[in-house]
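Notes to accompany the following structure.
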Amino acid sequence: MQDVQLLDAIERFLRGEMSTEEIASFEQLRKSNPEVDQKVVEHTMFLQQMDQFADWKNFKSTLHDVHIQLLESGDIKEEAPKATVIQIWRKYKRVMAVAASIAGITTLLIASMATYYAQKKTGQDFERLSKVIKREVDNKVNALDNKVEARFSKGPENTPVKFGGTGFLIDGKGYIATDAHVVLNASSVVVQNSKGQEFRSKVIYSNDKTDLAILKIEDADFRSQGPLPYGIRKGGSELGEQLFILGFPREEIVYNEGYMSAKTGYNGDTLSVQIGVSANPGNSGGPVFNKNGEVIGIITARQKAAEGVVFAITAKNIFRSLEEIRKDTAYQNIRLTLNSSIRNMDRVAQIKKIEEAVFMVKAY
Amino acid sequence: MVQSVKTDSTDEKALLKGLAVNDRKSVETIYKLFYNMVQSLILNNNGSADDARDIFQETVIVLYEKAKSGSFELNCQLKTYVYSVSRRLWLKKLQQQQKYVPNIAGLDETVPVEEEVESHNQLNSEFQMMEKAMLHLGEPCRSLIEAFYLQKKSMTDIAGHFGYTNADNAKNQKYKCLMRLRKLFFAEFKNNDV
């Protein structure tokens, strides 16, 4: 309770509520008792603090009241709190502007580059394409022109090609073997090599039974080819032997591969053999080679009902017919090549050599 | 109704005198004169309307403290002073919040107010400690203390209001409360000092 009394005394002292006697004794107490004095000083400070605090609180409440009052009277306006987005916008306006412009420029650049290159590329493509087409068209036109010219010069006028087939040189001097049915009843025969050159030819031998015909090129444009790259095989072939054919089922020389299927032809025909290859009309008269590049036969027909069943007359027939041809003194100089010079070449090289000796046969 | 009237120095002195004695009219005038300026400063620098109110009121409190001390010599326009103080306060707050500190455009001239703001912050923290101590005091002590020391009511009124049989009882109770408050306050003070 002493503390409480002391506090009361201090407050009364500070507020000046003490009588002069009391003040004197209080002063005396402070002087004699430093502990009391310290407490007085301490409490004085604390009370000052309290006073300031009171003032501060009161002033604050005044401020608060004024704020509300002025807001109500409209003297001040609290601006609508800005949306966060707007604040962020304000905050990063400059950064965003820079970023946006960089992004924009980049986009534009990429877009323009993309368009530029894309355009260029398509342009080139189109150009190239058109060039190709143009060239192709030109080629075609040229070829056509040539053909028309050739036809006017080589073939009979206004007569359509009656029959088309394939033939091949059996002697570089211009003797061609083909099928008899290809040149059957032809008023004139023209052969065309893989380069598109045409040569007038004459049928010098035709045998309906064996379906073999021999043509002789009789054209001033024809140059003798010398020895042939391939030989004509006298002997037979074995079953399963790898074979390949070259022919003109279309305007272009076409290569195909097959195998020896049977040693006899259609209905046991011993003059021909059966081979398994896909052949089309136009292949008739075409040579059949074995892997050494020797001619083993000439394609004659295919079985309609079955796929890949093709018949070829054997090369032996060529020798037989030559014996008859040689009876005519004009053709005694025919020499057949027996040995193939392309024996050990790969297929592509073989074909390159053979190609020049294979002709399209057109009968009018 | 916003008064954009330019105040001359005599007006300003009168205003500060009024402010020093917590004169409501003076506070109103200051509000009307400067609130919008401070608000736009805060709003344009990442602040909200609440921030604007807090900063403005603190600025006025700084002004009030200065005016009360009696040693206040205003050697610039009051407007400039208010602007400088609120700008300083706002920058401090932004730093405390570790927010991005914008380069507050120095369109308006400023005067150095670091000292004022520092001493204000010191006082502020003291007051906050007191407030905390009061909060911890609990009822009925707080009401008793507030009634006597803040509202400066007489002991007799308080005794009647709080239902004490006589003023002496109330007085005793008040002193007990005051001692507790002192303990709490100094404990808080030490805590903050360390």
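Chains as they are written, first to last, in the numbering used here: chain A, 2 to 365; chain B, 6 to 199.
Where is the CB? At the ideal position from N, CA and C, for every residue including glycine.
Below-9 angstroms beta-carbon distance, residue i vs any chain B residue
{"i": "A/Phe27", "result": "no"}
{"i": "A/Phe127", "result": "Confidence in A/Phe127 is poor, its pLDDT being 44 and thus under 50, which makes the residue's placement too unreliable to answer from."}
{"i": "A/Leu71", "result": "yes"}
{"i": "A/Glu1", "result": "There is simply no residue 1 of chain A to check, as chain A begins at 2 and stops at 365 in what is shown."}
{"i": "A/Asp38", "result": "no"}
{"i": "A/Val42", "result": "no"}
{"i": "A/Val5", "result": "yes"}
Cross-chain neighbours of residue i in chain B, by beta carbon under 7 angstroms
{"i": "A/Met51", "result": "Tyr154"}
Within chain A, partners of residue i - CB distance below 7 angstroms
{"i": "B/Phe132", "result": "Phe54, Trp57"}
{"i": "B/Tyr40", "result": "Ile77"}
Contacts of residue i in chain B (Cβ-Cβ under 9 angstroms)
{"i": "A/Leu30", "result": "Under the 9 angstroms cutoff, chain B gives no residues; its nearest Cβ is about 18 angstroms from A/Leu30."}
For residue j and residue i, believed in contact at Cβ under 8 angstroms, the rounded distance
{"i": "A/Ala214", "j": "A/Val183", "result": "7 angstroms"}
{"i": "A/Lys292", "j": "A/Gln243", "result": "5 angstroms"}
{"i": "B/Gly137", "j": "B/Glu193", "result": "This sequence places Lys at residue 137 of chain B; Gly is not what is there. Right, the Cβ-Cβ distance comes to about 6 angstroms (below 8 angstroms), so this counts as a contact."}
{"i": "A/Asp180", "j": "A/Gly286", "result": "4 angstroms"}
{"i": "B/Ala164", "j": "B/Asn177", "result": "Not confirmed; about 11 angstroms, so no contact."}
{"i": "A/Asp212", "j": "A/Thr301", "result": "5 angstroms"}
{"i": "A/Phe169", "j": "A/Phe360", "result": "7 angstroms"}
{"i": "A/Phe200", "j": "A/Asp220", "result": "4 angstroms"}
{"i": "A/Ile246", "j": "A/Leu337", "result": "So it is not a contact: roughly 20 angstroms between Cβ atoms."}
{"i": "A/Ile314", "j": "A/Gly294", "result": "Between A/Gly294 and A/Ile314 the Cβ distance is about 19 angstroms, and since that is not below 8 angstroms, they are no contact."}
Residue i at chain A interface by Cβ criterion, 9 angstroms
{"i": "B/Val10", "result": "Bear in mind that the predicted position of B/Val10 carries a pLDDT of just 46, short of 50, making it too unreliable to give a figure here."}
{"i": "B/Val5", "result": "With chain B represented from 6 up to 199, any question about residue 5 of chain B goes unanswered, as that position is not in the structure."}
{"i": "B/Lys176", "result": "yes"}
{"i": "B/Lys195", "result": "no"}
{"i": "B/Phe190", "result": "yes"}
{"i": "B/Glu33", "result": "yes"}
{"i": "B/Arg187", "result": "yes"}
{"i": "B/Asp162", "result": "no"}
{"i": "B/Lys22", "result": "no"}
{"i": "B/Lys157", "result": "yes"}
{"i": "B/Leu83", "result": "no"}
{"i": "B/Leu96", "result": "no"}
{"i": "B/Leu142", "result": "no"}
{"i": "B/Leu128", "result": "yes"}
Cross-chain neighbours of residue i in chain A, by beta carbon under 9 angstroms
{"i": "B/Gln62", "result": "Lys61, Leu64, His65, His68"}
{"i": "B/Arg147", "result": "Chain A residues near B/Arg147: none, gap ~12 angstroms exceeds 9 angstroms."}
{"i": "B/Tyr86", "result": "Per Cβ cutoff of 9 angstroms: no residues; B/Tyr86 is ~17 angstroms from chain A at best."}
Residue i: contacting residues in chain A (beta-carbon distance under 8 angstroms)
{"i": "B/Asn27", "result": "Asp56, Asn59, Phe60, Thr63"}
{"i": "B/Met135", "result": "Gln50, Met51, Phe54"}
{"i": "B/Glu184", "result": "Position check: residue 184 of chain B holds Met in this sequence, whereas Glu was assumed. Per Cβ cutoff of 8 angstroms: Asp4, Val5, Leu8."}
{"i": "B/Lys210", "result": "In the structure displayed, chain B extends from 6 to 199; residue 210 of chain B sits before or after that span and is not available."}
{"i": "B/Lys181", "result": "Val5"}
Mind listing which residues of the region 10-22 of chain A have their C-beta closer than 8 angstroms to chain B's C-betas, in chain order? none
Extract the residue ranges of the beta strand (DSSP E) inside the region 273-324 of chain A, only unbroken runs of 3 or more that lie entirely within it. 273-277, 288-291, 295-303, 310-315
In the region 45-72 of chain B, which residues sit with their C-beta less than 7 angstroms from some C-beta in chain A, listed in chain order? Leu48, Asn51, Ser53, Ala54, Arg58, Gln62, Val65, Ile66, Tyr69
Entirely within the region 154-216 of chain A and at least 4 residues each: give me those alpha helix (DSSP H) ranges in chain order. none
Scan the region 21-55 of chain A and note each continuous alpha helix (DSSP H) run of 4 residues or more that stays entirely inside, going in chain order. 21-33
Which parts of the region 75-135 of chain B are runs of the alpha helix (DSSP H), unbroken and 4 residues or longer, counting only runs that do not cross its ends? 83-101
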